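Reading through the C-alpha cells given below for one structure.
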Amino acid sequence: MATYFTSIKRPLPSLPFLSPSSCEPIAWGARRHQSSYRRTKQRLRVKPDASFGTSSTNTYDHIIHNPPSSAPSVFQTPTKFLPVDDVRRTLRGSSTHVSTAEFSPVFETSGEKRYHLNASDVEEIRRLRLSDPMTWSRWKLAKRFDCSPMFIAMVCEASPQKKEIQKQVLEAVQSRWGAKRRMAREDRQLRKESWGRDP
Amino acid sequence: MKRLQLQRWSSSVLSPRARTGGRLQQHLYYNLRRQSTVTPAAQAENEQLIDQQSSLLTTQTPGSPYSLPSPPVEAARESAKLAALHARLYLPTRLPLETLARCLVDSSADPNAKFNNESLSILGHDLLSHYTSEHLICTYPRLPLTVIFAAMYAYVGPKTLAAMTREWGVELAAVPGGEVDPGLLQFKRVVPGTDVNEEPAVATERPNEHRTSWRKSMTSRVVYDNEFGDPTEVKNIKGVPAEHASARFIRAVMGAIYLHAGRPAAKRFFEQHFLSRHLNISELFNFSQPARDLARLCARENFEPPVAKIISETGRKSRHPVFVVGIFSGQDKLGEGAGASLLEARSRAAVAALKGWYLYSPLNVRVPSAMEEEGAAPWKPVHVDLGEVIV
Chain A
1 MATYFTSIKR
11 PLPSLPFLSP
21 SSCEPIAWGA
31 RRHQSSYRRT
41 KQRLRVKPDA
51 SFGTSSTNTY
61 DHIIHNPPSS
71 APSVFQTPTK
81 FLPVDDVRRT
91 LRGSSTHVST
101 AEFSPVFETS
111 GEKRYHLNAS
121 DVEEIRRLRL
131 SDPMTWSRWK
141 LAKRFDCSPM
151 FIAMVCEASP
161 QKKEIQKQVL
171 EAVQSRWGAK
181 RRMAREDRQL
191 RKESWGRDP
Chain B
1 MKRLQLQRWS
11 SSVLSPRART
21 GGRLQQHLYY
31 NLRRQSTVTP
41 AAQAENEQLI
51 DQQSSLLTTQ
61 TPGSPYSLPS
71 PPVEAARESA
81 KLAALHARLY
91 LPTRLPLETL
101 ARCLVDSSAD
111 PNAKFNNESL
121 SILGHDLLSH
131 YTSEHLICTY
141 PRLPLTVIFA
151 AMYAYVGPKT
161 LAAMTREWGV
171 ELAAVPGGEV
181 DPGLLQFKRV
191 VPGTDVNEEP
201 AVATERPNEH
211 RTSWRKSMTS
221 RVVYDNEFGD
231 PTEVKNIKGV
241 PAEHASARFI
251 RAVMGAIYLH
261 AGRPAAKRFF
271 EQHFLSRHLN
281 ISELFNFSQP
291 ARDLARLCAR
301 ENFEPPVAKI
311 ISETGRKSRH
321 PVFVVGIFSG
331 QDKLGEGAGA
341 SLLEARSRAA
351 VAALKGWYLY
361 SPLNVRVPSA
371 MEEEGAAPWK
381 PVHVDLGEVI
391 V
C-alpha cells in the first residue's frame, strides 16, 4: 500500500523514461503498457551490410563473404613470414598492408635501443649499488642513469645481505595478507601464465 | 622401380634368428605347436631343439588347449570376435585371421616369439613413428622440437593407441590362456595394488646419467630418448599395464598389414586410422615470454622490430575493458590479440604472431615416403629454414 501511494505522489516530470514519447500528449495514466511493437520494429530496421544483396554494378551470381568478427586464424601465415619462394606472397600482393599511422602505440616510450651508457657509467652503477644498496635500488639507479631496471639487473647484482633483507620484507608484507588477497594474487599469476598457452 | 618381395621380408622378420639381441628378446619355448608363418629352415631348427628338450614335456598333454599359454592357431578361424574385428576394421583380405589373432597375444602372455606380437609390434612401431614424423616435419617445417614431440605423442603415443583399441571394440581377456577366445587381447595383468608409478628404472645410453643435476637439453633427446622425447623406462613390475598391451596390439596390426598387404595398404591404413584423428597443433604451444621471442625472431630474420599498437578498445575505465592489440613489423601485421589489459592483449598478440611463424605450412606437401610409389613425380626438396627461435 505504501509503495502505491508513493508512486502516485511522485511528480511526473521526474520519471521521463515512463512517458512513451514527448510528441504523444495522451493521458498516460489510462495506459498501462507502452505500445512497443511498432517502435521495436522500426528500430530493428537496420540497413544491411554493403556486401549483402545485389549491387547495381554486378548482376551475376556472386558469393557473399561476410564473416563474423573474430580473431584471425593462426594457421594463416602473415605475409612477412612466408618464404621468398612461396606463391602466396605474390597472390596476396600488397593487399595486406595496412596504414598503421592512426593506431596509437601501447607503450608511450619507443622500444628503440639508445646505447647511451658507457663503461664508466656501468662502473658507477656497480659502485653505487655495492656501496649503499638500500638507497640505490634498481628503480632509483634506472631513473638516475635513464635506463631500464632490466639493464641494471643485467649489469650488476645485489649483495646477498640485501637479498636477505628484501626477502624478509616480502615475507613480512605477505604475512599480513588474508586468504582472499593471497588467493587473488595466485589467481592473477595463473591467469598470466595462461596468456602464452590458451588459443 | 621393382617391387620388393614382401614374402621374403616377412619371413626374415618373423623368423626367430633374424633379429638377435637388443630389443627383441629371444625366448625359446619348447612346446610342440604349429605356426601360422614360419620358414622351413627355422622350423627344422625348432624341431631339432624340441627333440633335445622333449624329455621336459612330461607334465602337459600336447593336445589340450589348457596346456598352451595362448590360443592355438586353429582357433582363429572359429572365433566370431576375431572375424568381426577383421570386418569392422575393413582389413585387407590378404591379412589372415591367424595373424590378427597373433597380434592380440602380448609377449607377457606367451613368451614364445613365434606366437606373440612382439616382432610385429616393433615393425609397426617403427612404421608409425616414421610416417607420423615425416608427416609432421613436412607439413609444418618450422615446428619447435617440443611441439613435434608432443604431436608425436598425441598421434601415436600409448594413450592414443589404447583409446583406439577401445574404439575398435577390442576387449581384454582377464587371464591369458589356450582356452581363451582369440578375439580378446591377452596379456598378463599387473597385480592389483602394485604402484605403477614408483621409481622407474631409466635405461638410456646417455653419458653421465648419474649426474642428476645436469641439464638434459632438448636436442639430446633426439639422440638418446624415444620418439616422444621421453627416456625409455624399464619398470620392475610384474605384468603389463593394459595401456601398453593395447598400444602393442595396434602397432602389431600395423606391422601385420605392412607384411601381408604391402606398403600402399599400410600407408592407407595409417592415413585412415591415425592421420584422420583431429589434432589442433596450435594448442600444443606454451610460451613464457612471447614478446621477447618475437623480438628475437624479427632481429634474426632482418625484419623491422615488432611494435604493439592498439587496433580498437572499449570500456577502458570500466570493470571489463577489452583491448585489441596488433603487433606490426613495419607495415605488416604479424599478429592480433584481445585481452582485458593492454599487457594481456600484447602478450596474446605476440603469441599469435609466433604461432603464425611456427605453423607455416607449404602448399602441396609431399612426404618422402610418397616417392616409394610407382610412377611418382620427381622429388622436390621440402622447405627447410631456421625454424625455432632460440633465445
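Residue numbers (the UniProt record's numbering), protein chains in the order written: chain A, 1 to 199; chain B, 1 to 391.
Glycine included, each C-beta is placed from N, C-alpha and C at the ideal position.
Bear in mind that the values here come from a model prediction, so they are computed numbers and not experimental data.
In this structure, how does DSSP classify residue i when only helix, strand and coil are distinguished?
i, result
"residue 186(B)", "strand"
"residue 44(A)", "coil"
"residue 255(B)", "helix"
"residue 124(B)", "helix"
"residue 323(B)", "strand"
"residue 384(B)", "coil"
"residue 60(A)", "coil"
"residue 165(B)", "helix"
"residue 84(A)", "coil"
"residue 40(B)", "Residue placement at residue 40(B) is flagged as unreliable, the pLDDT there being 46, under the threshold of 50; the coordinate-derived value follows with that caveat. In the structure shown, residue 40(B) sits in a helix (DSSP, three-state: H, G or I)."
"residue 149(A)", "helix"
"residue 71(A)", "coil"
"residue 140(B)", "coil"
"residue 157(A)", "coil"
"residue 110(B)", "coil"
"residue 116(A)", "coil"
"residue 31(B)", "Residue confidence is low: residue 31(B) scores 41 on pLDDT, short of 50, so the model does not pin down where it sits. No coordinate-derived value is stated."
"residue 179(B)", "coil"
"residue 36(A)", "coil"
With respect to the beta strand (DSSP E) encompassing residue i, which residues constitute its N-terminal and C-terminal limits?
i, result
"residue 164(A)", "That residue, residue 164(A), is in no beta strand (DSSP E); its alpha helix (DSSP H) goes 160 to 175."
Expressed to the nearest angstrom, what Euclidean distance is found between the alpha-carbon atoms of residue i and residue j?
i, j, result
"residue 196(B)", "residue 236(B)", "9 Å"
"residue 134(B)", "residue 368(B)", "7 Å"
"residue 170(A)", "residue 177(A)", "11 Å"
"residue 438(B)", "residue 81(B)", "Because chain B spans 1 through 391 in this model, residue 438(B) falls outside it and cannot be assessed."
"residue 116(B)", "residue 110(B)", "6 Å"
"residue 241(B)", "residue 188(B)", "8 Å"
"residue 345(B)", "residue 113(A)", "23 Å"
"residue 198(A)", "residue 280(B)", "12 Å"
"residue 186(B)", "residue 140(B)", "38 Å"
"residue 257(B)", "residue 143(B)", "31 Å"
"residue 249(B)", "residue 332(B)", "50 Å"
"residue 36(A)", "residue 310(B)", "40 Å"
"residue 138(A)", "residue 152(A)", "6 Å"
"residue 67(A)", "residue 73(A)", "13 Å"
"residue 208(A)", "residue 188(A)", "Because chain A in this structure spans residues 1 to 199, residue 208(A) falls outside the shown range and cannot be described."
"residue 219(B)", "residue 289(B)", "21 Å"
"residue 186(A)", "residue 193(A)", "11 Å"
"residue 162(A)", "residue 129(A)", "10 Å"
"residue 133(A)", "residue 75(A)", "50 Å"
"residue 276(B)", "residue 265(B)", "15 Å"
"residue 68(B)", "residue 192(B)", "25 Å"
"residue 329(B)", "residue 303(B)", "7 Å"
Per DSSP, which residues does residue i bridge with? Please list them.
i, result
"residue 332(B)", "329(B)"
"residue 104(A)", "310(B)"
"residue 338(B)", "324(B)"
"residue 172(B)", "185(B)"
"residue 105(B)", "186(B)"
Under DSSP, the alpha helix (DSSP H) around residue i begins and ends at which residues?
i, result
"residue 140(A)", "138 to 145"
"residue 127(A)", "119 to 131"
"residue 86(B)", "80 to 88"
"residue 360(B)", "Looking at the DSSP string, residue 360(B) is not in any alpha helix (DSSP H), and its letter there is neither H nor E."
"residue 304(B)", "Careful: residue 304(B) lies outside any alpha helix (DSSP H) and carries neither H nor E."
"residue 195(A)", "179 to 195"
"residue 220(B)", "220 to 224"
"residue 152(B)", "145 to 156"
Is the beta carbon of residue j closer than 8 Å to that of residue i?
i, j, result
"residue 108(B)", "residue 229(B)", "no"
"residue 321(B)", "residue 338(B)", "no"
"residue 255(B)", "residue 124(B)", "yes"
"residue 66(B)", "residue 157(B)", "no"
"residue 145(B)", "residue 260(B)", "no"
"residue 325(B)", "residue 349(B)", "yes"
"residue 316(B)", "residue 391(B)", "no"
"residue 270(B)", "residue 90(B)", "no"
"residue 182(B)", "residue 104(B)", "yes"
"residue 85(B)", "residue 170(B)", "yes"
"residue 79(A)", "residue 92(A)", "yes"
Given 7 Å as the limit, tell me if residue i has its C-beta closer than that to any heavy atom belonging to the ligand NAP.
i, result
"residue 289(B)", "As presented, the structure is devoid of all ligands, the ligand NAP included, so that no description of it is given."
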